[in-house]
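Chemist:
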Amino acid sequence: MEKELQKRWMGGKTGPDFWGTHNPAWSLCSKGKYQSPIDVSPNKLIYDPNLKPLHIDNTKVDGTLVNTGHDITYEVLQDSLEPPFTFSGGPLSYKYRVQRIKLHFGVIDAIGSEHTVAGKAFPIEIQIIGYNLDLYKNYTEALFSTHGLAVFSILGILVDKGNEEFDSIVNAARIIHLKKGLSRNISSFSIRNMIPKSDFFITYEGSLTQPSCQETVTWILINRPLHVSQEQLKELRLLHSSESTPLMENNFRTPMPVNRRPVRTNINPKAEDKECSFKRTIYYKVNEHLIRQ
1 MEKELQKRWM GGKTGPDFWG THNPAWSLCS KGKYQSPIDV SPNKLIYDPN
51 LKPLHIDNTK VDGTLVNTGH DITYEVLQDS LEPPFTFSGG PLSYKYRVQR
101 IKLHFGVIDA IGSEHTVAGK AFPIEIQIIG YNLDLYKNYT EALFSTHGLA
151 VFSILGILVD KGNEEFDSIV NAARIIHLKK GLSRNISSFS IRNMIPKSDF
201 FITYEGSLTQ PSCQETVTWI LINRPLHVSQ EQLKELRLLH SSESTPLMEN
251 NFRTPMPVNR RPVRTNINPK AEDKECSFKR TIYYKVNEHL IRQ
């Protein structure tokens, strides 16, 4: 599947809009009603007071950063002798073990993220993908199963000084930038330190954003952006799919229809909070027909 995905990743008639027509195993990519990513509309969010606080481990992990040809992926070492990095709470009823981290970015600052907010894209999106540790033996089993996967989505914004933990990813990317298949080990990596500190999030039920687009994913979008510097993003934009192909760029899927799915949040619209608020100034205009009476 990896070879076919590489050929069909970019735009045109072999891009994401046509994944479902090229391989029967990818039919959900075009026929599914719970596809990801989506555009988050702030005025359509549903406040759910029953959403629990998130619990995120502080365990450091070992793994390998891989140039897959269409993105860079940090594969977390699944060593039974080492304590796993897990997360739970929020909308989740189970504990999830992190399997991998994927990065999506654009060739210019105005695009790059897969999820958008009120139609606005961000220059980068980091997706921390975990599988259900309570119900399934491994990622492969969970992929095709109910409540199988959960993904933390972190949208990035450009600042002068980027996240220090993210430097580990960027430094390894410099070594694997030339072509697909190159990899670099990253040890004692703190996923927790790369996740912005916030008690607030947005959640919905969706899919993976790459074939086979399985609809077994609970998405959790952290309501605070990752700080990324222009220098860090510049290094990622130097990545190549191969020595003979152009730069790896715009490796994101565009938003899919929400299809009446509830998009929930624990952000209380009535609460006064500096981090995030739904408070709006609303003006009412009397119906002209009433004035004439």
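Numbering follows full-length UniProt numbering, with no gaps: position 293 of the sequence shown is 293.
Cβ atoms here follow ideal geometry from the backbone N, Cα and C, with glycine treated the same way.
1) Roughly how many angstroms lie between the CA atoms of H22 and S30, to the nearest whole one?
2) Alpha carbon to alpha carbon, what distance is there between Q230 and S168?
3) Between D62 and the rest of its own chain, which residues show a CB-CB distance below 8 Å, the 5 nearest in sequence each way excluded?
4) Write down every uninterrupted run of the alpha helix (DSSP H) in the stretch 105–186 whose length is 4 residues or greater and which is fully enclosed by it, in chain order.
5) Starting from N67 and walking both ways along the beta strand (DSSP E), at which residues does that stretch end?
6) I believe T209 touches P37 by the beta-carbon criterion, under 8 Å. Please report the beta-carbon distance rounded to the nearest angstrom.
7) Would you tell me roughly how many angstroms separate the C-alpha atoms of S212 and E165, rounded to the nearest one?
8) In this structure, how does DSSP classify Q99 when only helix, strand and coil are distinguished?
9) Between the beta-carbon of V263 and the beta-carbon of Y204, is there less than 7 Å?
10) Mind checking who V40 pairs with in its DSSP beta bridge?
11) Just reading off the beta strand (DSSP E) that T21 is part of, what are its end residues?
12) So, is K102 buried or exposed, given that buried needs 16 or more other C-beta atoms within 10 angstroms?
13) Can you tell me whether F122 is buried or exposed, with buried defined as 16 or more other CB within 10 angstroms of its CB?
14) Determine the DSSP secondary structure at C276, reduced to helix, strand or coil.
15) Going by alpha carbons, who is nearest to N250 out of M256, N259, R261 and L238?
16) For H49, which residues from the same chain have a beta carbon less than 8 Å from its beta carbon, with the 5 sequence-adjacent residues on both sides left out?
17) Going by C-alpha to C-alpha distance, which of K161, Y131, M248 and F87 sits closest to S145?
18) Residues in the same chain with beta-carbon distance under 6 Å from S95, minus the five sequence neighbours each way, listed in chain order, please.
19) If I measure Cβ to Cβ from I191 and keep anything under 6 Å in the same chain, skipping five residues before and after, which residues do I get?
20) According to the neighbour-count rule (16 or more other Cβ atoms, all chains shown, within 10 Å of its Cβ), is D71 buried or exposed?
21) With distance defined between alpha-carbon atoms, name the residue in S113, I111 and H147 nearest to Q214.
22) Run through the DSSP bridge pairs and tell me what L208 is partnered with.
23) Could you tell me whether the Cβ atoms of G156 and L226 are closer together than 7 Å?
24) How many Å lie between F18 and L51 at the Cα?
25) DSSP three-state call for R237: helix, strand or coil?
26) Taking buried to mean at least 16 other C-beta atoms within 10 Å of its own C-beta, is A25 buried or exposed?
27) Short check: CB of R174 to CB of P16, under 7 Å?
Modeler: So, from the data block:
1) In this structure, the alpha-carbon of H22 lies about 10 Å from that of S30.
2) A straight-line Cα-Cα distance of about 16 Å links S168 and Q230.
3) Excluding positions up to five away in sequence, the list reads V76, L77, D79, E82, N185, I186, S187, S188 and F189.
4) Look at the stretch 105–186 and you find these whole runs of alpha helix (DSSP H), each 4 residues long or longer: 139–143 and 166–175.
5) Per DSSP, the unbroken beta strand (DSSP E) holding N67 starts and ends at V61 to N67.
6) That belief holds up - the Cβ atoms of T209 and P37 are roughly 6 Å apart, short of 8 Å.
7) Each residue's alpha carbon lies about 31 Å from the other.
8) For Q99, the three-state secondary structure derived from DSSP is strand.
9) A distance below 7 Å separates the beta carbons of V263 and Y204.
10) Answer by DSSP bridge pairing, in chain order: V117.
11) Secondary structure note for T21: it is in no beta strand (DSSP E), and the uninterrupted alpha helix (DSSP H) holding it is W19 to H22.
12) Around the beta carbon of K102, a 10 Å sphere encloses 16 or more other beta carbons of the protein chains shown; the residue is thus reported as buried.
13) Flag for F122 reads buried.
14) Low per-residue confidence applies at C276: pLDDT is 49, beneath 50, and the placement is therefore not dependable, though the value from the model is reported in the following sentence. C276: coil per DSSP, three-state reduction.
15) Here the closest residue by C-alpha is L238.
16) Just to set this straight, residue 49 is Pro in the shown sequence, not His. Excluding sequence neighbours, P49 sits near N266 and N268.
17) Answer by Cα proximity: Y131.
18) First, the residue type needs correcting, since residue 95 is Lys and not Ser in the sequence shown. Non-local C-beta neighbours of K95 in its own chain, meaning closer than 6 Å and more than five positions away in sequence, comprise T86, S88, L133 and D134, ordered along the chain.
19) Hits under 6 Å: F85.
20) Looking at its Cβ environment, which holds 16 or more other Cβ atoms inside 10 Å, D71 is buried.
21) Of the candidates S113, I111 and H147, the one whose C-alpha sits nearest the C-alpha of Q214 is H147.
22) Residue pairing of L208 in beta bridges, as defined by DSSP: absent, with no partner found.
23) Taking the C-beta atoms as reference points, L226 is found nearer than 7 Å to G156.
24) Their backbone Cα atoms lie some 36 Å apart in a straight line.
25) Three-state DSSP puts R237 in coil, outside helix and strand.
26) A25 is exposed by the Cβ-count criterion.
27) The answer is no: Cβ separation not under 7 Å.
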